[in-house]
(Lines of atoms letter the chains of each structure in order from A and count residues from 1; the text may use other names and numbers.)
(Lines give C-alpha, C1' and ligand atoms only; values in the text may rest on other atoms or scores of the structure.)
Protein backbone atom coordinates (compact mmCIF):
# COMPACT_ATOMS: atom_id res chain seq x y z
CA UNK A 1 0.00 0.00 0.00
CA UNK A 2 1.19 3.47 -0.89
CA UNK A 3 1.76 6.17 1.70
CA UNK A 4 -0.52 9.23 1.59
CA UNK A 5 2.48 11.48 1.17
CA UNK A 6 4.25 9.54 -1.55
CA UNK A 7 5.21 11.68 -4.55
CA UNK A 8 5.45 8.76 -6.95
CA UNK A 9 2.39 8.03 -9.05
CA UNK A 10 1.00 4.53 -9.25
CA UNK A 11 0.75 2.83 -12.63
CA UNK A 12 -3.00 3.50 -12.69
CA UNK A 13 -2.46 7.22 -11.99
CA UNK A 14 0.18 7.37 -14.74
CA UNK A 15 -2.25 5.73 -17.18
CA UNK A 16 -5.02 8.22 -16.31
CA UNK A 17 -2.64 11.16 -16.72
CA UNK A 18 -1.47 9.85 -20.08
CA UNK A 19 -5.07 9.57 -21.28
CA UNK A 20 -5.89 13.10 -20.10
CA UNK A 21 -2.86 14.64 -21.79
CA UNK A 22 -3.19 12.96 -25.16
CA UNK A 23 -4.06 15.17 -28.12
CA UNK A 24 -7.72 15.38 -29.09
CA UNK A 25 -8.45 14.14 -32.59
CA UNK A 26 -10.91 16.27 -34.52
CA UNK A 27 -13.15 14.95 -37.25
CA UNK A 28 -12.72 18.20 -39.16
CA UNK A 29 -9.75 20.57 -39.05
CA UNK A 30 -10.26 24.04 -37.61
CA UNK A 31 -11.49 26.57 -40.18
CA UNK A 32 -9.25 29.33 -41.49
CA UNK A 33 -8.58 32.00 -38.82
CA UNK A 34 -10.34 34.75 -40.80
CA UNK A 35 -13.47 32.64 -41.28
CA UNK A 36 -13.38 31.51 -37.66
CA UNK A 37 -13.01 35.05 -36.30
CA UNK A 38 -15.87 36.33 -38.48
CA UNK A 39 -18.36 34.23 -36.54
CA UNK A 40 -17.13 35.64 -33.25
CA UNK A 41 -17.20 39.19 -34.65
CA UNK A 42 -20.83 38.78 -35.69
CA UNK A 43 -21.73 37.44 -32.26
CA UNK A 44 -20.00 40.35 -30.52
CA UNK A 45 -21.78 42.84 -32.79
CA UNK A 46 -25.17 41.24 -32.09
CA UNK A 47 -24.55 41.38 -28.34
CA UNK A 48 -23.40 44.98 -28.57
CA UNK A 49 -26.52 45.96 -30.53
CA UNK A 50 -28.78 44.29 -27.97
CA UNK A 51 -26.92 46.00 -25.13
CA UNK A 52 -27.17 49.40 -26.81
CA UNK A 53 -30.91 48.88 -27.26
CA UNK A 54 -31.26 47.90 -23.58
CA UNK A 55 -29.49 51.05 -22.41
CA UNK A 56 -31.34 53.38 -24.77
CA UNK A 57 -34.71 51.85 -23.92
CA UNK A 58 -34.03 52.12 -20.18
CA UNK A 59 -32.95 55.75 -20.53
CA UNK A 60 -36.17 56.50 -22.43
CA UNK A 61 -38.24 54.74 -19.73
CA UNK A 62 -36.55 56.70 -16.94
CA UNK A 63 -37.13 60.00 -18.74
CA UNK A 64 -40.78 59.13 -19.50
CA UNK A 65 -41.30 58.19 -15.86
CA UNK A 66 -40.59 61.82 -15.00
CA UNK A 67 -37.13 61.30 -13.63
CA UNK A 68 -33.79 62.14 -15.04
CA UNK A 69 -31.86 59.20 -16.37
CA UNK A 70 -28.91 59.33 -14.00
CA UNK A 71 -25.90 57.05 -14.18
CA UNK A 72 -26.56 55.71 -10.68
CA UNK A 73 -30.17 54.82 -11.57
CA UNK A 74 -29.14 53.08 -14.79
CA UNK A 75 -26.53 51.04 -12.89
CA UNK A 76 -29.03 50.05 -10.21
CA UNK A 77 -31.70 48.96 -12.69
CA UNK A 78 -29.29 46.98 -14.88
CA UNK A 79 -27.49 45.46 -11.89
CA UNK A 80 -24.05 46.62 -12.99
CA UNK A 81 -21.39 48.89 -11.52
CA UNK A 82 -21.38 52.62 -12.25
CA UNK A 83 -18.05 52.49 -14.14
CA UNK A 84 -19.63 49.96 -16.52
CA UNK A 85 -22.49 52.39 -17.17
CA UNK A 86 -20.05 55.30 -17.58
CA UNK A 87 -18.13 53.38 -20.23
CA UNK A 88 -21.31 52.52 -22.13
CA UNK A 89 -22.60 56.10 -21.91
CA UNK A 90 -19.33 57.29 -23.43
CA UNK A 91 -19.89 54.87 -26.33
CA UNK A 92 -23.52 55.97 -26.72
CA UNK A 93 -22.40 59.63 -26.81
CA UNK A 94 -19.83 58.79 -29.47
CA UNK A 95 -22.54 56.98 -31.47
CA UNK A 96 -24.78 60.05 -31.21
CA UNK A 97 -27.54 58.29 -29.27
CA UNK A 98 -27.33 60.22 -26.00
CA UNK A 99 -26.04 63.51 -24.70
CA UNK A 100 -24.80 64.27 -21.21
CA UNK A 101 -24.78 67.50 -19.28
CA UNK A 102 -22.48 68.08 -16.31
CA UNK A 103 -24.26 67.56 -12.98
CA UNK A 104 -27.41 66.53 -14.83
CA UNK A 105 -28.72 63.30 -16.24
CA UNK A 106 -28.45 61.60 -19.59
CA UNK A 107 -30.68 62.67 -22.47
CA UNK A 108 -31.58 60.89 -25.70
CA UNK A 109 -30.82 62.53 -29.00
CA UNK A 110 -33.35 62.31 -31.82
CA UNK A 111 -31.51 59.24 -33.12
CA UNK A 112 -31.58 57.73 -29.63
CA UNK A 113 -35.34 58.26 -29.37
CA UNK A 114 -35.83 56.47 -32.69
CA UNK A 115 -33.71 53.53 -31.53
CA UNK A 116 -35.69 53.35 -28.26
CA UNK A 117 -39.01 53.31 -30.13
CA UNK A 118 -37.82 50.66 -32.60
CA UNK A 119 -36.53 48.39 -29.83
CA UNK A 120 -39.85 48.34 -27.96
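Residue numbers (my numbering): 360 to 479. All C-beta atoms, glycine included, are put in the ideal place defined by N, C-alpha and C.
What did DSSP end up calling residue 374 once you bin it into helix, strand or coil?
-> helix
Exposed or buried, which one is residue 414 when buried takes at least 16 other CB atoms within 10 Å?
-> buried
Top-ranked residue by Cα proximity to residue 407, from 464, 446, 367 = 446
Nearest-angstrom Cβ-Cβ length linking residue 457 and residue 471, presumed shorter than 8 Å = 5 Å
Leaving out the 5 sequence neighbours to the left and right, which residues in its chain are closer than 7 Å to residue 459 when beta-carbon positions are compared?
-> 448, 452, 465
When the distance is taken between beta carbons, is residue 422 closer than 8 Å to residue 486?
-> A question about residue 486 goes unanswered here, because the residues of the chain that appear run from 360 up to 479.
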